[in-house]
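Going down the list, the sequences are from chains D and U.
Under the numbering used here, the residues of the first sequence are numbered 1 to 583, in order.
Under the numbering used here, the residues of the second sequence are numbered 1 to 88, in order.
Positions of the beta carbon are idealized from the N, C-alpha and C atoms, including for glycine.
What follows is a set of notes on a single structure, which appears directly below.
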Amino acid sequence: MIEQIPPGLILIVGGLLLPLMPKEVRKVLLVVLPAAGLAHMIQLPTDHVLAYSVFDYDLTMVKVDKLSRIFGIIFHIAAFLTAIYTLHEDDPVQQVAGLTYSGGAIAAVFAGDLITLFVFWEATAITSVFLIWASRTERSYKTGMRYLVMQVGSGVLLLAGAIVYFQQTGSVDIEPWTDLGHHQMRGMFAFDSFGEASLAQLLIFFAFGIKAAFPLLHNWLQDAYPEATVGGTVWLSAFTTKLAIYALCRMYAGSDVLIPIGATMTAFPIFYAVIENDLRKVLAYSLNNQLGYMVVGVGIGTELAINGTASHAFAHILYKGLLFMGMGAVLYRAGTVKGSELGGLWRQMPYTTVFTSVGAAAISAFPLFSGFVSKSMILTAAANEQHIITFCILLFASAGVFHHSGIKIPYFAFFAHDSGKKVKEAPLNMLIAMGIAAALCIGIGIWYQPLYDLLPFDMNALHWVPYDTAHVVTQLQLLLYSAAAFVFLQKMGWYPPELKSTNVDVEWVYRKGLKDVALATGRALDVGYTTFRDELFGVAWGIVERIKRWHSPGGPLGEPWPIGAAAIAAAIMLILFLALGWL
Amino acid sequence: MSDHGHGPPSVAPEKVKVIVGFLFFICAVAVLGELLPSFHPHEHAGLEFVNTFGFHAWYGFLSCVLLVLAAAQMRKLVMRDEDYYDRD
Numbered sequence: 001m002i003e004q005i006p007p008g009l010i011l012i013v014g015g016l017l018l019p020l021m022p023k024e025v026r027k028v029l030l031v032v033l034p035a036a037g038l039a040h041m042i043q044l045p046t047d048h049v050l051a052y053s054v055f056d057y058d059l060t061m062v063k064v065d066k067l068s069r070i071f072g073i074i075f076h077i078a079a080f081l082t083a084i085y086t087l088h089e090d091d092p093v094q095q096v097a098g099l100t101y102s103g104g105a106i107a108a109v110f111a112g113d114l115i116t117l118f119v120f121w122e123a124t125a126i127t128s129v130f131l132i133w134a135s136r137t138e139r140s141y142k143t144g145m146r147y148l149v150m151q152v153g154s155g156v157l158l159l160a161g162a163i164v165y166f167q168q169t170g171s172v173d174i175e176p177w178t179d180l181g182h183h184q185m186r187g188m189f190a191f192d193s194f195g196e197a198s199l200a201q202l203l204i205f206f207a208f209g210i211k212a213a214f215p216l217l218h219n220w221l222q223d224a225y226p227e228a229t230v231g232g233t234v235w236l237s238a239f240t241t242k243l244a245i246y247a248l249c250r251m252y253a254g255s256d257v258l259i260p261i262g263a264t265m266t267a268f269p270i271f272y273a274v275i276e277n278d279l280r281k282v283l284a285y286s287l288n289n290q291l292g293y294m295v296v297g298v299g300i301g302t303e304l305a306i307n308g309t310a311s312h313a314f315a316h317i318l319y320k321g322l323l324f325m326g327m328g329a330v331l332y333r334a335g336t337v338k339g340s341e342l343g344g345l346w347r348q349m350p351y352t353t354v355f356t357s358v359g360a361a362a363i364s365a366f367p368l369f370s371g372f373v374s375k376s377m378i379l380t381a382a383a384n385e386q387h388i389i390t391f392c393i394l395l396f397a398s399a400g401v402f403h404h405s406g407i408k409i410p411y412f413a414f415f416a417h418d419s420g421k422k423v424k425e426a427p428l429n430m431l432i433a434m435g436i437a438a439a440l441c442i443g444i445g446i447w448y449q450p451l452y453d454l455l456p457f458d459m460n461a462l463h464w465v466p467y468d469t470a471h472v473v474t475q476l477q478l479l480l481y482s483a484a485a486f487v488f489l490q491k492m493g494w495y496p497p498e499l500k501s502t503n504v505d506v507e508w509v510y511r512k513g514l515k516d517v518a519l520a521t522g523r524a525l526d527v528g529y530t531t532f533r534d535e536l537f538g539v540a541w542g543i544v545e546r547i548k549r550w551h552s553p554g555g556p557l558g559e560p561w562p563i564g565a566a567a568i569a570a571a572i573m574l575i576l577f578l579a580l581g582w583l
Numbered sequence: 001m002s003d004h005g006h007g008p009p010s011v012a013p014e015k016v017k018v019i020v021g022f023l024f025f026i027c028a029v030a031v032l033g034e035l036l037p038s039f040h041p042h043e044h045a046g047l048e049f050v051n052t053f054g055f056h057a058w059y060g061f062l063s064c065v066l067l068v069l070a071a072a073q074m075r076k077l078v079m080r081d082e083d084y085y086d087r088d
């Protein structure tokens, strides 16, 4: 019986019932439901399938394998930790949104066909926008609308792709990878160049690409995440983008086109991260960079690369969530996360400082922290497959990550110059959530085997050892000399100061460029229409006036004509008719 | 230490000196780590240059310096007022 319940449903149904409960019960359920969902999901066997029929179509609600399982586990853990983190705040809107959003993402991960995936794909879009709107500001309302357009647009592309694919093949089933031999996997929709891709492949590719924040499709992420509530951003950071990574991994593994796309994603956001003032936006750019590693891993598509992608997604959800929790705590206490207004909070928020620093070390992939045992697999896979330029870009981005996430975030929030702000340490529930996440970041870095056991391919068979002298020494060199570069740039006065500013990105096209074009076009149309209307009215009035004048008393047609004149007119008419008849 | 522009340093300059000194010390140790007998770099065709002595050290340092200098120049191109999008 319990196996008939799809994973995620406990969170969705529980979340929807939440508003009916009293405040204290709501808080308990908020934490208990993800734990119950995880307990239920874990006991499902790895080959478990749950089919259903709609309008004579056979669909697959649940299909469990090792890939869906690891994403399902980390999504539940993320929901559990975020629930604890948000306990201090009693906002039923966010509670319902958070639980149904995470439940939708979990259900999507276990979807066995494209239609079921589409339903939960859209569910994550519609539920998550309330985490932005829950800020209850005019600004967040507008941001939420932009976010919703992008997210629902992604779903529409997915549905269109599914329909085209169904017309071609008569199936919407999500197929397993094809084993090409030599540890190389290939997803059902994989393609190596855009020229060879079918319409269905392209539509679904861009559907996933929007949510995975591919270059040029990425800006919804940096636009929306910093505008969400303190807890909302933590919810958002875990699910949407990693669901897209999961979907790419499932269906596009081994696509060569993903390698340059992923490499670009690792590199360009870090430039923005260096100059961005809003520290939650810095983290959003950094999130984009981390997704790049995973996209490269999917594109390489070897067993090691896929394991690297899955483990990096697992580790990333924890440390990125932790960093957003740390900055959320700062926002909650100090009322801002602008680097230009912060500094010196380490004395007042010592625990938050320590936990955030652990997250910073984990994202930077310091030895003994989680990022180290996951990211290195992707870099090694790139080197194994001789993607030399990609490898160098990933190495550059690894140094850059440490620079902006590892150093900049803790430095400008907790150290640097004293901002003079008098704040309290984060609430206990926030500290507990951050403490557990930090413990997991360190725990995975040291005792990585339980994580490796969850990966799709047997790590022992791949002969992978994360800790060897060469790997540890070279990684330490990369990171420590990045830190030295930070000191050097500060000493020289070359480090760009934190400034109150907005940095224009691709969103300029639709927030400013297209808006200005639309406004200018509207104004031109308005002027044109007004001129045309006035001219037309002028001509029409002229005719009416003339007719009126002619027929008015005194006008040529308004007066009685003499009989003689009428006879002459009739004679002229007769002569004209005769002439016409003769001709 | 920074151009942060307000308030005194939150960490005493003497302590910063100690921290920076320690950083430089472990930077040196990290490069010397390549001399350990157990240091066996992984060989990848086409990536032999990665295994030259101290590669990761200078690559990390140079990457960050170039990243920051390029990003600072990028400000000229992309930086606008805070309310840039809110103005009509």
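Backbone CA spacing between residue i and residue j [nearest angstrom]
{"i": "D:Phe366", "j": "D:Gln168", "result": "48 angstroms"}
{"i": "D:Val330", "j": "D:Leu514", "result": "35 angstroms"}
{"i": "D:Ile300", "j": "D:Gly187", "result": "11 angstroms"}
{"i": "U:Met1", "j": "D:Ile106", "result": "Because the pLDDT at U:Met1 is just 38, under 50, the model does not fix this residue reliably, and the value given afterwards should be weighed accordingly. Spanning the two alpha carbons is a distance of roughly 46 angstroms."}
{"i": "D:Ala111", "j": "D:Gly170", "result": "18 angstroms"}
{"i": "U:Asp86", "j": "D:Tyr510", "result": "13 angstroms"}
{"i": "D:Val152", "j": "D:Glu425", "result": "39 angstroms"}
{"i": "D:Leu525", "j": "D:Glu498", "result": "43 angstroms"}
{"i": "D:Val54", "j": "D:Ser237", "result": "33 angstroms"}
{"i": "D:Ile572", "j": "D:Ser552", "result": "26 angstroms"}
{"i": "D:Leu479", "j": "D:Leu18", "result": "46 angstroms"}
{"i": "D:Lys23", "j": "D:Asp90", "result": "7 angstroms"}
{"i": "D:Ala310", "j": "D:Phe71", "result": "8 angstroms"}
{"i": "D:Val373", "j": "D:Leu454", "result": "14 angstroms"}
{"i": "D:Gln449", "j": "D:Asn460", "result": "10 angstroms"}
Whether residue i touches residue j by CB criterion (8 angstroms)
{"i": "D:Leu81", "j": "D:Ala433", "result": "yes"}
{"i": "D:Val64", "j": "D:Leu33", "result": "no"}
{"i": "D:Val234", "j": "D:Gly339", "result": "no"}
{"i": "D:Ser419", "j": "D:Leu318", "result": "no"}
{"i": "D:Pro496", "j": "U:Ala57", "result": "no"}
{"i": "D:Val504", "j": "U:Val68", "result": "no"}
{"i": "D:Glu227", "j": "D:Ile126", "result": "no"}
{"i": "U:Phe39", "j": "D:Ala470", "result": "yes"}
{"i": "D:Thr143", "j": "D:Asp223", "result": "yes"}
{"i": "D:Thr229", "j": "D:Ala134", "result": "yes"}
{"i": "D:Phe314", "j": "D:Ser102", "result": "no"}
{"i": "D:Ala485", "j": "U:Phe24", "result": "no"}
Close Cβ partners of residue i (< 6 angstroms) along its chain, the five nearest in sequence each way excluded
{"i": "D:Phe191", "result": "Ala197, Gln201, Ser255"}
{"i": "D:Gly406", "result": "Ala360, Ser364"}
{"i": "U:Asp3", "result": "Unreliable placement is indicated for U:Asp3, whose pLDDT of 45 sits below 50; no coordinate value is reported for it."}
{"i": "D:Gly400", "result": "Ile270"}
{"i": "D:His88", "result": "Pro427, Asn429"}
Residues that residue i bridges to, as DSSP identifies them
{"i": "U:Met79", "result": "D:Asn503"}
{"i": "D:His417", "result": "U:Pro9"}
{"i": "D:Thr469", "result": "Bridge partners of D:Thr469: none, in fact."}
{"i": "D:Lys408", "result": "Paired residues: none, contrary to the question."}
Residue i: first and last residue of the uninterrupted alpha helix (DSSP H) it sits in
{"i": "D:Ala439", "result": "428 to 446"}
{"i": "D:Thr233", "result": "230 to 238"}
{"i": "D:Asn219", "result": "219 to 224"}
{"i": "D:Gln167", "result": "138 to 169"}
{"i": "D:Ser357", "result": "350 to 363"}
Where the beta strand (DSSP E) through residue i begins and ends
{"i": "D:Leu180", "result": "178 to 181"}
{"i": "D:Val54", "result": "49 to 54"}
{"i": "D:Leu67", "result": "That residue, D:Leu67, is in no beta strand (DSSP E); its alpha helix (DSSP H) goes 66 to 85."}
{"i": "D:Lys63", "result": "57 to 63"}
{"i": "D:Met185", "result": "184 to 186"}
Close Cβ partners of residue i (< 8 angstroms) along its chain, the five nearest in sequence each way excluded
{"i": "D:Ile446", "result": "Leu368"}
{"i": "D:Tyr351", "result": "Glu425, Ala426, Leu431, Met434, Gly435"}
{"i": "D:Phe118", "result": "Gly155, Leu158, Leu159, Ala162"}
{"i": "D:Asp47", "result": "Val64, Asp65"}
Contact set for residue i: own chain, Cβ-Cβ below 7 angstroms, skip 5 residues either direction
{"i": "D:Tyr141", "result": "Trp133"}
Interface flag, residue i vs chain B, CB-CB below 8 angstroms
{"i": "D:Asp418", "result": "Considering every chain present, this structure includes no chain B. Its protein chains are D and U."}
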